[in-house]
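Going by my numbering, the first residue of the sequence shown is number 9, and it counts up by one from there. Notes to accompany the following structure.
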Amino acid sequence: MATSLFSLEGRVALVTGASRGLGAAIARALAEAGADVAAHGNATPADATCEEVRSLGRREVALVADMADPASPDRLVRETVEALGGLDIVVNNAGIIRRGPTVDTSDEDWAAVIDVNLHGVFRLCRAAGRHMLASGRGGKIINIASLLSFQGGLNVPAHAASKSAVAGLTRELSNEWAAKGINVNAIAPGYMRTDNTEALQKDETRNGQILERIPAGRWGESFDLDGAAVFLASRASEYVSGQILAVDGGWLGR
């Protein structure tokens, strides 16, 4: 019984930003739980991720799209449905970051981050919601938020603004769609060992400050999100909606 609650057999998932890092790990975890996976890459196909999905005996398709392009989300949903026969799970993982003091942040950098991290997330939620409502099967939408959905951060004004907005969007969509069988939640990763945090990891002072603050005493790894993603994508979370689930090694409780 417990195992079946977390089974994704017969489900189709679309994961954005799945060519590496957190997105690739989540795509693999969903496939391990039984889902077929559409793996999105921004500039190049997520071929390595798709190969791993295939090795797990699941169907896959590699999709390429610029998430800042307003037409991309509708196309991603359409291509997923055409290739894999449906769409039950969406993981809005694609995102970018621009680091620097606010006074040095250009309009171009601000707009670039907001376009991908907020506009792209909204548009994909909208496109997926339309499909899921029309199908009558419901579905699961998982947005990737951040610790900066709760805190202000430092030298990342656009990132902080976009991730705070993603948390609000997640709650709003839950209010609209929970009664219609669509659960909308978010995962807020803590300090994860990814390309986006490479500069912090290499900064001896900041790295030390961060590790001192994390009760778990280590940076998060990509696989640390696997359980949360499968939970929120599965029947085990049927009565969970509008939540921002922090996976942060205890950071927010410090």
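Beta carbons: idealized from backbone N, C-alpha and C, even for Gly.
Could you tell me which residues DSSP pairs with residue i in its beta bridges?
{"i": "residue 148", "result": "97 and 191"}
{"i": "residue 254", "result": "196"}
{"i": "residue 6", "result": "This structure leaves residue 6 out entirely; the chain is present only between 9 and 262."}
{"i": "residue 21", "result": "45 and 97"}
{"i": "residue 228", "result": "200"}
Just to confirm, are residue i and residue j a CB contact at a threshold of 9 Å?
{"i": "residue 101", "j": "residue 23", "result": "yes"}
{"i": "residue 38", "j": "residue 237", "result": "yes"}
{"i": "residue 196", "j": "residue 175", "result": "yes"}
{"i": "residue 33", "j": "residue 55", "result": "no"}
{"i": "residue 121", "j": "residue 170", "result": "yes"}
{"i": "residue 221", "j": "residue 259", "result": "yes"}
{"i": "residue 123", "j": "residue 76", "result": "yes"}
{"i": "residue 232", "j": "residue 28", "result": "no"}
{"i": "residue 135", "j": "residue 147", "result": "no"}
{"i": "residue 242", "j": "residue 15", "result": "yes"}
{"i": "residue 185", "j": "residue 219", "result": "no"}
Out of curiosity, what's the CA-to-CA distance linking residue i and residue j?
{"i": "residue 58", "j": "residue 51", "result": "15 Å"}
{"i": "residue 194", "j": "residue 25", "result": "15 Å"}
{"i": "residue 35", "j": "residue 240", "result": "13 Å"}
{"i": "residue 9", "j": "residue 112", "result": "For residue 9, the predicted model reports a pLDDT of 45, less than 50, meaning its position is unreliable and no value from the coordinates is stated."}
{"i": "residue 96", "j": "residue 63", "result": "21 Å"}
{"i": "residue 145", "j": "residue 214", "result": "46 Å"}
{"i": "residue 12", "j": "residue 42", "result": "11 Å"}
{"i": "residue 73", "j": "residue 83", "result": "9 Å"}
{"i": "residue 189", "j": "residue 223", "result": "36 Å"}
{"i": "residue 177", "j": "residue 250", "result": "9 Å"}
{"i": "residue 85", "j": "residue 138", "result": "10 Å"}
{"i": "residue 47", "j": "residue 187", "result": "28 Å"}
{"i": "residue 150", "j": "residue 235", "result": "13 Å"}
{"i": "residue 163", "j": "residue 216", "result": "18 Å"}
{"i": "residue 211", "j": "residue 161", "result": "16 Å"}
{"i": "residue 2", "j": "residue 143", "result": "Residue 2 lies beyond the stretch modelled for the chain, which goes from 9 to 262, so this question has no answer here."}
Under the criterion of a Cβ to heavy atom distance below 8 Å, does residue i qualify as lining the ligand SAM?
{"i": "residue 25", "result": "Although the ligand SAM was asked about, the structure shown includes no ligands whatsoever."}
Report, in whole angstroms, the separation of the C-beta atoms of residue i and residue j, which I expect to be a contact under 8 Å.
{"i": "residue 45", "j": "residue 17", "result": "Residue 45 to residue 17, Cβ: 13 Å. No contact."}
{"i": "residue 198", "j": "residue 152", "result": "With a Cβ gap of about 12 Å, residue 198 and residue 152 do not count as contacting."}
{"i": "residue 81", "j": "residue 132", "result": "4 Å"}
{"i": "residue 93", "j": "residue 20", "result": "7 Å"}
{"i": "residue 117", "j": "residue 166", "result": "7 Å"}
- prompt: Taking one C-beta from the stretch 145-158 and one from the stretch 108-118 each time, how about it: are there three or more such pairs within less than 8 Å?
  reply: no
message: Three Cβ pairs or more, each shorter than 8 Å: is that satisfied between the stretch 118-135 and the stretch 216-231?
response: no
message: Tell me whether the stretch 254-262 and the stretch 177-191 touch, counting them as touching only if at least three CB pairs, one residue from each stretch, are closer than 8 Å.
response: no
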